[in-house]
Structure formats: C-alpha cells, structure tokens
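Since the structure comes first, as structure tokens, the remarks are kept for the end.
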Amino acid sequence: MKPLKKIVILVSVIFFSSIFCVSAQNTGKKTILLNGGKKGNINFEHHMHQAIINDCLICHSFFPQKPGSLDESKDSGTIKAKQVMNTVCIKCHRDMKKAGKHYGPLQCSGCHIK
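Printed below as a string of structure tokens:
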C-alpha cells in the first residue's frame, strides 16, 4: 500500500472516530427543571455547570445520568432531600467565591423559584 493511501485511511479513521465520540457524549438537556420541594422548583442550567465543572461525576456520583434520577434517588432513600445541594452545590459556589471567580447563589432563594 502506498504511504499516501495509508495516511488518508488513518486520518479518515481518526476523523470519524472523533465524530462518533463527540456525538456519543451524554450531555443531557441544556436546562433541567428540578423538583425543589416546598421552596419551589429550580431551573438548573445543566450545560453551564458542565462547562464550568467539567466532571460529571462531581454530581452524578450521587445519582445516575438519566432524566428523573434525582427524584428517584430521593424517593428510594439512596440520597437525602438536600444532600447534593449541601454537599456539592453550595460548597462549590462558596469555593468559587473564595477563589475570586464568578459563583452561583449562596442562599436558597437564589435557585428556588416560588
């Protein structure tokens, strides 16, 4: 096989593999309406958080990556009602503030919609 033909085949394989990998990523919806209980629902900017955190397992170590899994995990007792918010959300927002970066709400009313 000629060297040029090998290079063309190799580049093609790499190109199509990268397209497949990018399209296979599970990024979910851009914005997710979360059940916020008595305080009101939350319009969670999912893609924005993905871009900032860049590690799905920061949140999804608590619940699976599928629609409705947060409520399912709370209902089954796998996680407590405010566990993710207290363990991940508020802590991250405070850490971002301490680092002098743009940060999210630190109070309940900053995320919950009445």
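FYI, UniProt numbering numbers position 48 of the sequence shown as 48, with every residue one higher than the one before it.
We treat Cβ as the ideally placed atom computed from N, Cα and C, and that holds for glycine.
Please state whether the Cβ-Cβ distance between residue 76 and residue 62 is less than 8 angstroms. Counting from 1 along the sequence shown, the entry for residue 76 is found at position 76. Counting from 1 along the sequence shown, the entry for residue 62 is found at position 62. No; because the gap between Cβ atoms is not below 8 angstroms, this pair is not in contact.
Return the residue from the list 70, 58, 48 that minimises the CA-CA distance to residue 91. On the sequence shown, position 91 is the one that residue 91 refers to. Minimum Cα distance to residue 91 is reached at 58.
Span of the alpha helix (DSSP H) around residue 34: In the sequence shown, the residue the question calls residue 34 occupies position 34. Careful: residue 34 lies outside any alpha helix (DSSP H), inside the beta strand (DSSP E) at 31-34.
Could you work out which residue in 87, 52, 81, 36 is closest to residue 113 when comparing CA atoms only? As a first step, residue 113 must be located in the sequence shown, where it is residue number 113. Selected option, being the one with the closest Cα: 36.
In three-state terms, what does DSSP make of residue 86? Residue mapping note: residue 86 aligns to position 86 of the sequence shown, counting from 1. In the structure shown, residue 86 sits in a helix (DSSP, three-state: H, G or I).
Let me know if residue 107 comes out buried or exposed under the rule of 16 or more other beta-carbons within 10 Å of its beta-carbon. Taking the sequence shown and counting its residues from 1, the one referred to as residue 107 is at position 107. Under this definition residue 107 is an exposed residue.
Mind checking whether residue 44 and residue 27 have CB atoms under 8 angstroms apart? Here residue 44 refers to the residue found at position 44 when the sequence shown is read from its first residue. Here residue 27 refers to the residue found at position 27 when the sequence shown is read from its first residue. Not in contact: residue 44 and residue 27 (Cβ atoms no closer than 8 angstroms).
Would you list the residues sitting across from residue 112 in a DSSP beta bridge? For the purposes of this step, residue 112 is taken as the residue at position 112 of the sequence shown. For residue 112, which the question treats as bridged, DSSP gives the partners 42.
So what does DSSP say about residue 57, is it helix, strand or coil? Here the question's residue 57 lines up with position 57 in the sequence shown. In the structure shown, residue 57 sits in a helix (DSSP, three-state: H, G or I).
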